[in-house]
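Single-structure report; data block below.
Residue numbers (our numbering): 8 to 507.
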């Protein structure tokens with residue numbers, strides 16, 4: 008977990024004012040190890056002159072203890088108290104809640120930090136706020152996350168971590184603006200009036216006045232440790248999550264690599280490009296690791312080339328092989344494994360020009376043999392199975408070339424291992440029963456006991472379901488081409504493409 012930098016976080020508050028331990032590695036221990044040592048009686052293995060956390064006797068609903076520790080106040084430089092709670096968020100993961108209070112100067116602050124490592128990919132959440140209750144949705148905003156309210160044209164930059172609600176984010180923002188209004192009124196009355204209008208506009212949205220909703224809320228976290236509360240069985244347009252590979256700049260932002268390391272890597276890449284330009288024959292020979300034959304058959308060989316790891320930016324091997332899908336097009340299957348950080352990725356990329364229209368494929372699965380059909384789901388494809396209450400948004404699972412059974416089983420395994428198993432203890436009985444009912448229905452589909460319909464919609468027409476009757480039409484499958492909306496073209500970046 009990335010070390011916090013703010014004065015109220017544990018990396019600063021766990022220091023005594025007068026003494027620093029010599030063993031720095033034992034000062035910042037993993038949260039789990041640190042939490043286990045709390046229950047030990049004081050004096051057993053404790054380091055001298057180091058503030059040791061003690062239990063307050065309070066706990067959350069699941070029995071996690073609230074601990075407190077003497078820590079430095081960065082406002083008056085006397086010792087205050089930091090309270091910590093290691094707890095778990097349903098449908099998410101463990102987090103650390105921290106609250107600091109100084110009895111001398113009255114300074115107070117509270118923050119939230121993820122109790123987990125930086126994730127392999129960044130995450131982006133979208134919530135459509137359509138009624139008053141949506142403002143009460145729980146939000147975990149890590150210190151690396153930024154928020155955006157589209158219709159209000161508001162963007163909250165990355166700052167301290169918070170466990171709050173959608174309404175809480177907006178109210179905190181307008182409170183900060185309102186605090187400086189008296190000073191603005193004396194300096195610039197025009198600016199004061201504009202900010203007053205803006206605050207009134209935000210309050211009208213929170214009050215759900217007529218003509219204000221819906222409101223689109225987006226949460227983007229390159230570290231992948233943020234979250235918006237999800238409610239089972241809600242409409243597909245209401246809530247969505249997508250994962251993405253971080254850029255080099257985002258890796259610097261969240262602290263995976265330093266600015267100096269990034270510049271060094273770019274300099275090395277520029278040197279390699281210059282070397283290839285000076286020696287094109289050598290570059291061509293060393294571009295791919297394959298059999299040393301006079302004529303290389305790239306379509307039948309797995310090619311391997313060196314690339315930068317999206318997680319740690321160190322060199323790693325990427326394997327690539329073109330595969331021709333009959334009656335569709337050629338695709339490229341890519342696999343990346345990093346020996347340094349353990350990052351793994353398997354994706355399928357479609358080639359060729361961007362089609363003029365999107366494509367919607369509908370398959371009626373009324374025979375267990377339909378589960379063995381090949382299926383290609385691109386990154387831009389959304390997949391819906393109404394009978395199984397399954398809705399896979401764009402960007403989820405990435406690009407996949409597998410069978411229909413394979414993709415349904417992958418969804419079941421990931422939801423079971425990453426959501427249900429980790430949070431079932433904190434679920435209420437009704438929620439737990441709904442999840443169990445969903446998994447049972449999904450298993451019936453995998454066993455061929457129920458008929459269901461698979462709907463795949465891809466604005467780039469890069470997805471495919473095998474036609475077992477080819478070249479004749481499939482009576483159970485329909486394919487519709489449609490015109491993309493302006494919003495879809497904007498999301499895909501097609502509006503910025505200039506051909507002339």
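Heads up, the beta-carbon is just placed ideally off N, CA and C, and yes, glycines get one too.
If contacts are defined as beta-carbon pairs under 8 Å, then residue 104 and residue 94 qualify, I think. What distance do you get, rounded to the angstrom? Right, their Cβ atoms sit about 7 Å apart.
Q) Mind pulling the beta strand (DSSP E) runs of 3 or more residues that sit fully within the region 301-349? A) Fully enclosed beta strand (DSSP E) runs of 3 or longer: 310-315, 322-331 and 337-344.
- Quick one: what does DSSP say residue 180 is sitting in, helix, strand or coil? Helix at residue 180.
| query | According to DSSP, is residue 400 helix, strand or coil? | reply | DSSP places residue 400 in coil when its eight states are reduced to three.
Give the straight-line distance between the Cα atoms of residue 331 and residue 66, rounded to the nearest whole angstrom. Looking at the two C-alpha atoms, the distance is approximately 58 Å.
- Query: Under the three-state reduction of DSSP, which class applies to residue 264: helix, strand or coil?
  - Reply: In this structure, residue 264 counts as coil in the three-state DSSP scheme.
- Where does residue 457 sit, in a helix, a strand or coil, going by DSSP? Residue state, collapsed to three classes: coil.
Checklist entry - Cβ of residue 254 within 7 Å of any heavy atom in the ligand GTP? => result Ligands in the displayed structure: none, and consequently the ligand GTP is not present.
Exposed unless 16 or more other CB atoms sit within 10 angstroms - verdict on residue 280 = With fewer than 16 other Cβ atoms within 10 Å, it is exposed.
Under the rule that 16 or more other beta-carbon atoms within 10 Å means buried, what is residue 343, buried or exposed?
-> Residue 343 comes out buried.
Q) Going along the chain, which residues of its own chain have a beta-carbon closer than 6 Å to the beta-carbon of residue 133, five neighbours each way excluded? A) Contacts found: 225 and 247.
**OP:** For the region 453-460 and the region 372-390, state whether three or more C-beta atom pairs, one from each stretch, are separated by less than 8 Å.
**Re:** Touching, yes.
- Query: Hey, residue 176 and residue 209: beta-carbon distance below 8 Å or not?
  - Reply: No, Cβ-Cβ distance for residue 176 and residue 209 is not below 8 Å.
Assign residue 140 to one of two classes, buried (16 or more other C-beta atoms within 10 Å of its C-beta) or exposed (fewer than that).
When all chains shown are included, residue 140 counts as exposed.
Short Cβ contact (8 Å threshold) for residue 5 with residue 318:
The requested residue 5 is not part of the displayed model; the chain covers only 8 to 507.
(request) Tell me residue 136's beta-bridge partners as DSSP assigns them. (result) Paired residues: 222.
* Quick one: Cα of residue 188 to Cα of residue 244, how far? -> In this model, residue 188 and residue 244 are separated by some 38 Å (Cα to Cα).
Can the beta-carbon of residue 468 be found less than 8 Å from the beta-carbon of residue 366?
With contacts defined by Cβ atoms closer than 8 Å, residue 468 and residue 366 form a contacting pair.
Q) Near residue 391, which residues of its chain fall below 6 Å by C-beta distance, leaving aside the five closest residues on each side in sequence? A) Within the same chain, residue 391 has close Cβ partners 398 and 462.
Problem set entry | Pick from 204, 223 and 206 that is closest to residue 138, judged by C-alpha positions | Closest by C-alpha distance to residue 138, out of 204, 223 and 206, is 223.
Buried/exposed call for residue 200, threshold 16 Cβ in 10 Å: Burial call: exposed.
Just verifying my parser: in three-state terms, what is the DSSP assignment at residue 414? Residue 414: helix per DSSP, three-state reduction.
*So which of 278, 362 and 262 has the shortest CA-CA distance to residue 501?*
Of the listed residues, the one whose Cα sits closest to residue 501 is 362.
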